[in-house]
Structures are given as C-alpha cells and as structure tokens.
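**Student:**
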Amino acid sequence: MEPSKDISRLIEIMAALRHPETGCPWDIEQNFETIKPYTIEEAYEVSDAIERGDMDDLCDELGDLLLQVVFHARMAEEAGEFSFGDVVNAITTKMIRRHPHVFARSAADTPDAVKIQWDEIKQAEKRERAERRARRGISEDFKSGFLGSVQRSFPALTEALKLQERAAKVGFDWSAPEPILDKIEEEIGELRAALREGDRAKVSDELGDLIFAVVNIGRHVKADPEQAVRGTNTKFRRRFSHIENVLEAEGETLEDATLERMEEIWQAAKAIERAIVVGAE
C-alpha cells in the first residue's frame, strides 16, 4: 500500500489496521472510549502548532487529527452505525443548510438578516436532534435548558468558566471575590476530610469542587483559568529544566538527586527569575 493524497487511501489503511485477522493487534482492540483521549490530545497538538506558527507541524498534526476522525468512523461502521461517508455528508449538509445566502437558497444579504436566518436554522436543527435522540431512547440532554449553549466538549476549565459566566447572566453569582476565597477554604476543608476517610471517589468529587471554586475566583479577577494554568505550566517547565541542567553540569541525574537538592535548585531558579523581572523594571 502506497501513500496518497486521496482520502480513500486513508480509509483503506484504517480498514486494514482494523481487520480482525491481518490487522494491527493494538488497533483491533481499541474502542471509542480508549481512542477518545488520543482524539483530544491531537486537537490540542493542532492548537499548539498554530500558537507556535509552525506550518510544517500544523500539516502533520492535522493529519493526525484526521486519522482520529477516520478511526472513529471505521469503528462506527463496524458497529453498523455510520461510515466516514456519512460523516462527510452530515457536515456538508449542515454547512449548506446554515449558509443559504451563500449557496443561492436565500435572499439574506445583510448581517442582521443572516443572524436571524442562522437562529431559525439552529432552532430547526435542535428540534430534529431532539427527535433523533427520542427515537434512540436518550433522555438526558445537556444541550437543553439555560446552560445548553455551553459545550461539554470544552476543556474542563473552560467549560467551568463558561458555565459560571452563563449562570451569572441571571444573577446566580458571587457579588465579590472575597466570599469565593471563603468558599475555596471551605472546599479545602472538605477535601482534607475526604482524604482522611480514604474514599477515592469522594476525594475526586471534592477536588472537582475545589477547582471549580478556583475557576470562579479567576473569573472575578479577570484571569482566564486556562491561560493562567498554561502560564504556570510554562513556568514549571522552565524551572524543572533548570534543575535538570544544573544537575547535568554537576555530573548528577534526576533519578539520583534527592528531593532536597532538587528543591534547592528550584528555589535558585525562582530567585533568578525574580532578579530578571526586577532588572527589566
């Protein structure tokens, strides 16, 4: 089998990988749940390539993301649900339907007219979706109700932020940051109690409550939690790299170094950063 620019070749490759007798053992044993984390990871890698302005990486990462779509479609086809062609048909139908002013099906020629038309189309799609879900016996629908516009597909921190922003529109919100700090302390206490009990499910639940409250304080002080954590991640990478470099210069390794020695170098890295900031001022 040779590489090709034709999407059908990628579909053929995935079918070969999933073949129950001659395919790849790893690919054969996967399912929607086991592949889901890779799909999310690939989407983030696309985002990272865009942020770095690396077009070579972006091309490669978009291919990886496309593979995820083909993988899920192949598993769905094996289960008799839908195929890759159905996925393409669904999105092309949606795009044509949502842009009748582009595809000669509407006279909407102003931004306001397009907005009204878009809302009408979305409402029709919601009704059709509800009918499909009813036929499948699916009752719970997170896309309904006042919070339905907040996508569950967002990263967890972003979803938490948008849920809080949405609820705040009808007054379900804290009036100031200080009470949220009290709430954070309350959640920390509940997390401590769960840790003492040793109930892993409860610990996870209380940890989620604590993080949700921390997101809330970030919203009130106009600090996007996703970006705040990304900044901390970058800072952690930089400081840990300093530990690694210092140890290497001294002929040591991360595995052999004591926690005390690594902490000492970590604090030195922080001091260097503070000196740089002061010097810049």
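Each step along the sequence shown adds one to the number in the UniProt record's numbering, with nothing skipped, and position 216 is 216. From the three backbone atoms N, C-alpha and C, an ideal C-beta is built for every residue, glycine too. Everything numeric in this text was worked out from a predicted model, so none of it was measured.
Cα-Cα, which of I11, Q267, V214, L181 is closest to F236?
**Tutor:** Cα-wise, what sits closest to F236 is Q267.
**Student:** Round the Cβ separation of E41 and E61 to the nearest angstrom and send it over; I've been treating them as touching at under 8 Å.
**Tutor:** Wrong, their Cβ atoms sit about 10 Å apart, outside the cutoff.
**Student:** With a Cβ-Cβ cutoff of 7 Å, do E187 and D173 count as a contact?
**Tutor:** Going by C-beta atoms, E187 is not nearer than 7 Å to D173.
**Student:** Scan the UniProt domain "NTP pyrophosphohydrolase MazG-like" (30-103) and note each continuous alpha helix (DSSP H) run of 4 residues or more that stays entirely inside, going in chain order.
**Tutor:** Counting only runs of 4 or more, we get 32-52, 55-78, 84-98.
**Student:** Specify the secondary structure class of E264 as computed by DSSP and reduced to three states.
**Tutor:** Three-state DSSP puts E264 in a helix.
**Student:** Rounded to a whole number of angstroms, what is the C-alpha to C-alpha distance between F71 and E33?
**Tutor:** Rounded to the nearest angstrom, the two C-alpha atoms are 12 Å apart.
**Student:** Within the chosen definition, does the segment 204-222 reach the segment 161-169 through at least 3 CB pairs nearer than 8 Å?
**Tutor:** Contact between the segment 204-222 and the segment 161-169 is present, because at least three Cβ pairs lie under 8 Å.
**Student:** Taking the beta carbon of M14 as the centre, do at least 16 other beta carbons fall within 10 Å, making it buried, or is it exposed?
**Tutor:** Buried is the call here.
**Student:** Specify the secondary structure class of P20 as computed by DSSP and reduced to three states.
**Tutor:** Here P20 sits in coil by DSSP.
**Student:** Whole angstroms is fine: what's the gap from T232's alpha carbon to K270's?
**Tutor:** Rounded to the nearest angstrom, the two C-alpha atoms are 13 Å apart.
**Student:** I need the DSSP call for V170, collapsed to helix, strand or coil.
**Tutor:** V170 falls in the coil class under three-state DSSP.
**Student:** Could you check how far apart the C-beta atoms of D64 and E45 are, in whole angstroms? I think they sit under 8 Å.
**Tutor:** Contact holds; Cβ gap of about 7 Å.
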